[in-house]
Amino acid sequence: MNSSSIGRSKLAIVAALGALVLGSAISNAAPVAASTGIEVYVGYADSLRADAINFPTPWVGSPNTIFDGCAPVTSCVYDAGAVRIVNNSSGPITVNAVAIHVSSCTFSGWPATVVPVGANLIVTQSDAVTSSGCFGPEPMDTSDVGKDGASIVGVCSPDTLQPAVDVTINGQTTNYTDTGRVLNTGGFDAGNCGLNESIQWTVIGTGPCNGSNLALTPKTQTWAIGMTATERAKFTNGCGQPLSDVLVHFAASSGPNAGRTGTGTTDANGVATYNYSSALAGTDTWRATVTNLAGDINSNTVTVTWWPFATGGGAFVIGDLEDSMNAQVYWWGAQWWKHDEMRNSLAPAAFKGYENGNLVPMCGQTWTTRPGNSAKPPTKVPGVMAVLVASHVTKKGAVISGDIVHIVLVQTNAGYAANPGHIGTGQIIGTIC
19 MNSSSIGRSK
29 LAIVAALGAL
39 VLGSAISNAA
49 PVAASTGIEV
59 YVGYADSLRA
69 DAINFPTPWV
79 GSPNTIFDGC
89 APVTSCVYDA
99 GAVRIVNNSS
109 GPITVNAVAI
119 HVSSCTFSGW
129 PATVVPVGAN
139 LIVTQSDAVT
149 SSGCFGPEPM
159 DTSDVGKDGA
169 SIVGVCSPDT
179 LQPAVDVTIN
189 GQTTNYTDTG
199 RVLNTGGFDA
209 GNCGLNESIQ
219 WTVIGTGPCN
229 GSNLALTPKT
239 QTWAIGMTAT
249 ERAKFTNGCG
259 QPLSDVLVHF
269 AASSGPNAGR
279 TGTGTTDANG
289 VATYNYSSAL
299 AGTDTWRATV
309 TNLAGDINSN
319 TVTVTWWPFA
329 TGGGAFVIGD
339 LEDSMNAQVY
349 WWGAQWWKHD
359 EMRNSLAPAA
369 FKGYENGNLV
379 PMCGQTWTTR
389 PGNSAKPPTK
399 VPGVMAVLVA
409 SHVTKKGAVI
419 SGDIVHIVLV
429 QTNAGYAANP
439 GHIGTGQIIG
449 TIC
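When the letters of the sequence shown are read in order and numbered with the numbering used here, they come out as residues 19 to 451.
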């Protein structure tokens, strides 16, 4: 399902829905969800008091999210419990009904909804303003409900009530117990006791899992210009449970690609990825951000360093038996075939160490060139450059070819010139791939 969100401001109980519920089979909770790929979460949304890291995310407007509650957010004030059903099964499901019980109070009446594979359904308050009451979904202030449905507005001493949730999917009802007391915010009216009531999505029967974490990895990575770097942002609640269907923004704050941005959506593991390439050398600093209606959740920073190949659109080559950290290597010269031993062949004497047939080399690819100076090597080389590692080099007619088993970073020594009589040497200081 493409990024979409369906908001319904007023929801009514459908008569046929009641018949579906009455005819449903009843089952126990957690094992059904685990075995079918269906996950049920509970959360509490408080937009009266902004708290970005605790506000349930995803919410209305998030990718792959069907939202049965008050929308748009500019017209709504949220102070409500909420249930989220994630479909990680092998096919679409129909959520026939959701009923939330806090003691003798029941909140229900959301219409039956088809949830595609990889999507999620959120049910919550449908009224635009907050209000207390024992039946919903118009009001859903489940933190104000105490024993036997009594109001606990302003009560700061927690009770021991554990809300329950009945979820009917494809005609089968499963009963869950909110042992973490997320829906009733710990059994007291936290909002009137000086606290924000928001609680991040928590797998029902666990938690509460307050807070959020957005972790960007890897901490550092190094690539040659033209290659592809991948950043991974993992979004979880305070218990480390992954949260899918969340839009993540990636932004470079400094470096040769400063100002560059991208987005990704978290998957079932809570991971969003962003790929990019650079045409410039240097080190980029990146940060990821998740934005919800309460504010921003920022990640740690990471760096991506880009090194050039030889100038002019080609690359120098060394033999794979010379490839070891800190080794002195011979990457250009008349005697390349003697100095650069390879596992799978002896190089032809016509090869001097420079290829110009692969403009953006990557590990696992091949390259071609021509003998001697006819390859037209550059007149100058960088102080540090990416160099190809080959396990075989062969010559057929006027064409020389080889493979790329690794790409390494070489700190070049003085003395190089485009004439094979002026050798190019240096020290391996890192491995790119």
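Virtual Cβ for every residue (Gly too), placed ideally from N, Cα, C. The structure displayed is predicted, hence computed values, not measured ones.
Shown here for GLY288: same chain residues with a beta carbon closer than 6 Å to its own, the five before and five after excluded, namely LYS252, PHE253, THR254, PRO260 and LEU261 in chain order.
Taking a 10 Å sphere around the C-beta of CYS123, we find 16 or more other C-beta atoms and assign the residue as buried.
Around the beta carbon of ARG102, 16 or more other beta carbons sit within 10 angstroms, so the residue counts as buried.
Per DSSP, the beta-bridge partners of PRO260 are THR254. Only residues of its own chain outside the window of five on either side were considered, and among them ALA270 have a CB closer than 6 Å to the CB of ARG278, listed in chain order. Residue state for VAL183 is assigned as strand, using DSSP reduced to three classes. With distances taken between CA atoms, TRP324 lies nearest to GLY244 out of GLU373, ARG250, VAL335 and GLY244. Excluding the 5 residues flanking it on each side, GLY313 has same chain C-beta neighbours closer than 7 Å at ALA68 and ALA70, in chain order. By the criterion of at least three beta-carbon pairs nearer than 8 Å, the segment 297 to 306 is not in contact with the segment 366 to 377. Here DSSP, grouped into helix, strand and coil, assigns THR191 to strand. Taking the Cα of VAL104 as reference, the smallest distance to any Cα among ASN82, ASP97, PHE125 and GLY229 is reached at ASN82. Where TRP324 is concerned, the enclosing beta strand (DSSP E) starts and stops at 313 to 325. Taken through DSSP and simplified to helix, strand or coil, THR54 comes out as helix. PRO90 and THR142 have their alpha carbons spaced roughly 13 Å apart.
Below 8 Å, too few C-beta pairs join the segment 165 to 178 and the segment 128 to 139 to call them touching: fewer than three. By the criterion of a C-beta distance shorter than 7 Å, ASP285 is surrounded in its chain by SER262, once the five residues flanking it on both sides are discounted. As a beta-bridge residue in DSSP terms, HIS424 pairs with VAL407. GLY420 counts as buried, since at least 16 other C-beta atoms from the protein chains shown sit within 10 angstroms of its C-beta.
Here ASN431 is not near GLY448, since their CB atoms are 8 Å or more apart. DSSP places HIS357 inside the alpha helix (DSSP H), whose first and last residues are 354 to 357.
In the DSSP assignment, VAL173 falls outside any beta strand (DSSP E), carrying neither H nor E. Per DSSP, the unbroken beta strand (DSSP E) holding SER230 starts and ends at 230 to 235.
Across the set ASP145, SER216, ASN391 and PHE73, the C-alpha of ASP145 shows the shortest separation from the C-alpha of GLY87.
In the three-state reduction of the DSSP assignment, VAL91 falls in the helix class, which pools H, G and I.
In the three-state reduction of the DSSP assignment, LYS413 falls in the strand class.
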